[in-house]
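Colleague: Pasting in a structure now, in structure tokens, and then I'll have a few things to ask.
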């Protein structure tokens, strides 16, 4: 019974999402652009015309047929570097949000469901973190633990933790008063079962919207860290690093300053468009239920 | 009201104490040997012993901790481990006006863009104007500030030669040199911020326009602009004040990155250079001051909100 209801609303949600995407041109743009970037991330090893790190004597070559986006000061092909950079950006964006969503929701559920001293401790921590900009927290963490892919992912995930915990907690506090939670309690279900099976699915909407928006912030965050030299590493082509490398040459080679940033902006814009459309869709469901 | 203000003050002080404690332990959390990391290659045994002594690592953690707090309260944040070993407080006092100038001009530019944009798109809801504003707001939110900074340098400094590409000139050396150095960085920092504010003004303006007193004022036949500026705007701005606190986070984060593009030696550049050089005393000082600015501005926004909106009664 319960399961059937779940899949039923899922189908309804999907068809509503589909109809919104059909009408919303922003969402269409977002979906197409993001799909293209995901494809190029997956296919980078095959579609990149050159080795992204191969240096040639063809230095600062302006965009041409042999190098569609030109080459940098070390003769590396810009298009190939940007294509490979897509992998890092999307990987960091999705992995950080998955991690902070997972742990943030656990913290929020525990805090909201049990209350008392657990809530006290978790909330004091979250309040402290809330007092600081996410990006500054990520910079602090990289300052302490050093650069590298893993450290960047940990730093950005931790920076977002409080956002998800806050949302999950406030959802639990509202839903805890609902009759279906009482009913589940009376039936003698364990607290975990109630939290995972009954409360979590009903608080999914705001978490999904926040998650989507956070992916775009995470991508911007990674690019900023890389740009500042606090990112994944000096030998991995990431969008932020390509921009940082090209910065000194922008007066002679504008393409080094334009294209990597354009890639960042397009991905972030398409995610923001999708997030906005998703917000509309999910709000509709909230108001009709 | 008074108890609310008192509570917020005590809260802010507690947060600052927690931050100071975290900053103290920051250096002790560095994986491996922080002393070796700081000395890098120049690590002779004598240099090592001198560094251990200078940082007080030869004493117990509790003694170090108390000393750190005592020094901090006296404004002594230690000294840089590089060059002429400048005191951290001197470095920060030099950097602070640059970051604050950048934040101030960014804020003003953002408001200049956001106010008309937000009002226009609210009064012309669902028209082309509204869609155009909304599109630019999305663009502003999605554009990395450091990229916008680079684009501005390419266009206005490298090609048109209208404005200086890098550096900073103190206000004491004249208004125009100061201002002209800040225009491009401020646009880079302020654009994302203005997008958020514009969207916020639009939605809160739409809400106000639907209230009874606005309908009443319209029916009295007041002129459109008097109506908007005198009656709708002040009320629409109240909820906007709350997001300004959040958006201030963006200004500070933006300044940290953008200062590095324009080689402005503000707090952000001091912080990042400190991290890259493993100059931990400088990093600790910069972290502490950035945090303090942030906590204070949050406090200010909260208090402002409490004063401006009399509907809210704090117990």
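Chains as they are written, first to last, in our numbering: chain V, 313 to 601; chain A, 7 to 321.
Don't be surprised by glycine CBs; every beta carbon is placed ideally from N, CA and C.
1. Please state whether DSSP places residue 549 of chain V in a helix, a strand or coil.
2. Below 8 Å on the Cβ atoms is my guess for residue 346 of chain V versus residue 583 of chain V; work out the distance and round it to an integer in Å.
3. Output the distance between the C-alpha atoms of residue 362 of chain V and residue 522 of chain V, rounded to the nearest integer angstrom.
4. Using a Cβ cut-off of 8 Å (strictly closer), state whether residue 263 of chain A contacts chain V.
5. Can you tell me where the alpha helix (DSSP H) holding residue 534 of chain V begins and where it ends?
6. State buried or exposed for residue 515 of chain V, treating a residue as buried only when at least 16 other CB atoms are found within 10 Å of its CB.
7. With a cut-off of 8 Å, does the C-beta of residue 514 of chain V fall near any C-beta of chain A?
8. Residues of chain A with CB under 7 Å from residue 571 of chain V, in chain order?
9. Between the alpha carbons of residue 332 of chain V and residue 585 of chain V, how many angstroms are there, rounded?
10. Using three-state DSSP, classify residue 445 of chain V as helix, strand or coil.
11. For residue 198 of chain A versus residue 234 of chain A, is the C-beta distance shorter than 8 Å?
12. Which value, in whole angstroms, describes the spacing of the CA atoms of residue 417 of chain V and residue 483 of chain V?
13. Let me know the secondary structure DSSP gives residue 321 of chain A once reduced to three states.
14. Verify the CB distance criterion: does residue 536 of chain V have a CB-CB separation below 8 Å to chain A?
15. Closer than 7 Å by beta-carbon distance: list the chain V residues that pair up with residue 255 of chain A, in chain order.
16. What do you get for residue 503 of chain V, buried or exposed, if any count of 16 or more other CB atoms within 10 angstroms of its CB means buried?
17. Contact check, residue 564 of chain V vs residue 367 of chain V under 8 Å by CB: the rounded distance?
18. Give the residues of chain V in contact with residue 35 of chain A, contact being defined as C-beta atoms less than 9 Å apart.
19. For residue 405 of chain V, which residues of its own chain have a beta-carbon under 6 Å away from its beta-carbon, when the five flanking residues on both sides are left out?
20. Please list the terminal residues of the continuous alpha helix (DSSP H) segment that includes residue 137 of chain A.
21. Is it true that the CB of residue 97 of chain A sits closer than 8 Å to the CB of residue 173 of chain A?
22. Rounded C-beta distance between residue 260 of chain A and residue 101 of chain A? I'm assuming under 8 Å.
23. DSSP on residue 103 of chain A, reduced to helix/strand/coil?
24. Can you tell me which of A:294, A:305, A:306 puts its alpha carbon nearest to the alpha carbon of residue 84 of chain A?
25. Helix, strand or coil for residue 361 of chain V? Go by DSSP, reduced to three states.
26. Say whether chain A places a C-beta atom closer than 8 Å to the C-beta of residue 337 of chain V.
27. Hey, is residue 7 of chain A's beta-carbon within less than 8 Å of any beta-carbon in chain V?
28. Drop a sphere of 10 angstroms on the beta-carbon of residue 551 of chain V, count the other beta-carbons inside from all chains shown, and report buried for 16 or more, exposed for fewer.
29. When you check each C-beta in the stretch 280-302 of chain A against every C-beta of chain V, which residues fall closer than 7 Å?
30. Put residue 389 of chain V into one of helix, strand or coil per three-state DSSP.
31. Give, in chain order, every residue of the stretch 141-165 of chain A whose Cβ lies closer than 9 Å to some Cβ of chain V.
Modeller: Taking the structure as given:
1. Reading the first chain from its first residue, position 237 is the one you call residue 549 of chain V. Note: residue 549 of chain V maps to coil in three-state DSSP.
2. If you number the first chain from 1, residue 346 of chain V lands on position 34. If you number the first chain from 1, residue 583 of chain V lands on position 271. Right, the Cβ-Cβ distance comes to about 6 Å (below 8 Å), so this counts as a contact.
3. Your numbering for residue 362 of chain V matches position 50 in the first chain. Your numbering for residue 522 of chain V matches position 210 in the first chain. Distance between the alpha carbons of residue 362 of chain V and residue 522 of chain V is about 37 Å.
4. Numbered from 1 along the second chain, position 257 holds the residue referred to as residue 263 of chain A. Judged by the 8 Å Cβ criterion, residue 263 of chain A is in contact with chain V.
5. Sequence index remark: in the first chain, residue 534 of chain V carries index 222 (1-based). That run of the alpha helix (DSSP H) goes 516-539.
6. On the first chain, residue 515 of chain V is found 203 positions in, with the first residue counted as 1. By the neighbour-count rule (16 or more Cβ atoms within 10 Å), residue 515 of chain V is buried.
7. Sequence index remark: in the first chain, residue 514 of chain V carries index 202 (1-based). Output row for residue 514 of chain V: interface = no.
8. Residue mapping note: residue 571 of chain V aligns to position 259 of the first chain, counting from 1. Correct list: empty, because the minimum Cβ distance to chain A is about 10 Å.
9. In the first chain, residue 332 of chain V corresponds to position 20, counting from 1. In the first chain, residue 585 of chain V corresponds to position 273, counting from 1. Those two C-alpha atoms are separated by around 12 Å.
10. By 1-based counting over the first chain, the position of residue 445 of chain V is 133. It is coil, neither helix nor strand.
11. Counting from one through the second chain, the residue named residue 198 of chain A turns up at place 192. Counting from one through the second chain, the residue named residue 234 of chain A turns up at place 228. No; because the gap between Cβ atoms is not below 8 Å, this pair is not in contact.
12. Here the question's residue 417 of chain V lines up with position 105 in the first chain. Here the question's residue 483 of chain V lines up with position 171 in the first chain. Cα-Cα distance, rounded: 10 Å.
13. Here the question's residue 321 of chain A lines up with position 315 in the second chain. Because residue 321 of chain A carries a pLDDT of 44, less than 50, the predicted location of this residue cannot be relied on, and no value is offered for it.
14. Mapped onto the first chain, residue 536 of chain V falls at position 224. Yes - at least one Cβ of chain A is within 8 Å of the one on residue 536 of chain V.
15. As a first step, residue 255 of chain A is located in the second chain; it is residue number 249 there, counting from the start. What residue 255 of chain A touches in chain V: 445.
16. Along the first chain, read from residue 1 onward, the residue named residue 503 of chain V stands at position 191. Its Cβ having fewer than 16 others within 10 Å, residue 503 of chain V is exposed.
17. For the purposes of this step, residue 564 of chain V is taken as residue 252 along the first chain, with counting starting at 1. For the purposes of this step, residue 367 of chain V is taken as residue 55 along the first chain, with counting starting at 1. Going by Cβ atoms, the distance from residue 564 of chain V to residue 367 of chain V rounds to 18 Å, so no, they are not a contact pair.
18. Looking up residue 35 of chain A in the second chain gives position 29. Under the 9 Å cutoff, chain V gives 456, 457.
19. The residue you call residue 405 of chain V lines up with position 93 of the first chain. Contacts found: 527, 530, 531.
20. Residue numbering aside, residue 137 of chain A sits at position 131 when the second chain is read from its first letter. Residue 137 of chain A: member of the alpha helix (DSSP H) spanning 134-148, first to last residue.
21. By one-based count along the second chain, residue 173 of chain A stands at place 167. By one-based count along the second chain, residue 97 of chain A stands at place 91. No, these two residues do not count as a Cβ contact at 8 Å.
22. As a position in the second chain, residue 260 of chain A is number 254, starting the count at 1. As a position in the second chain, residue 101 of chain A is number 95, starting the count at 1. Distance from residue 260 of chain A to residue 101 of chain A at the Cβ level is roughly 16 Å; contact not present, criterion being Cβ atoms closer than 8 Å.
23. Walking along the second chain from the start, residue 103 of chain A turns up at place 97. In the displayed model, residue 103 of chain A falls within a helix according to three-state DSSP.
24. For the purposes of this step, residue 84 of chain A is taken as the residue at position 78 of the second chain. Nearest Cα to residue 84 of chain A within the set A:294, A:305, A:306: A:294.
25. Numbered from its first residue, the first chain carries residue 361 of chain V at position 49. Reduced to three states, the DSSP call for residue 361 of chain V is coil.
26. Residue numbering aside, residue 337 of chain V sits at position 25 when the first chain is read from its first letter. Chain A, which has no Cβ nearer than 8 Å to the Cβ of residue 337 of chain V, makes this no.
27. Taking the first residue of the second chain as 1, we reach residue 7 of chain A at position 1. For residue 7 of chain A, the answer is no, since every Cβ of chain V falls outside 8 Å of its Cβ.
28. If you number the first chain from 1, residue 551 of chain V lands on position 239. So residue 551 of chain V counts as buried.
29. 281, 282, 289, 293, 296, 297, 300, 301
30. The sequence position of residue 389 of chain V within the first chain is 77, counting from 1. The answer is strand: DSSP assigns residue 389 of chain V an E or B state.
31. The residues in question are 141, 144, 145, 147, 148, 149, 150, 151, 152, 153, 154, 156, 157, 159, 160, 163, 164, 165.
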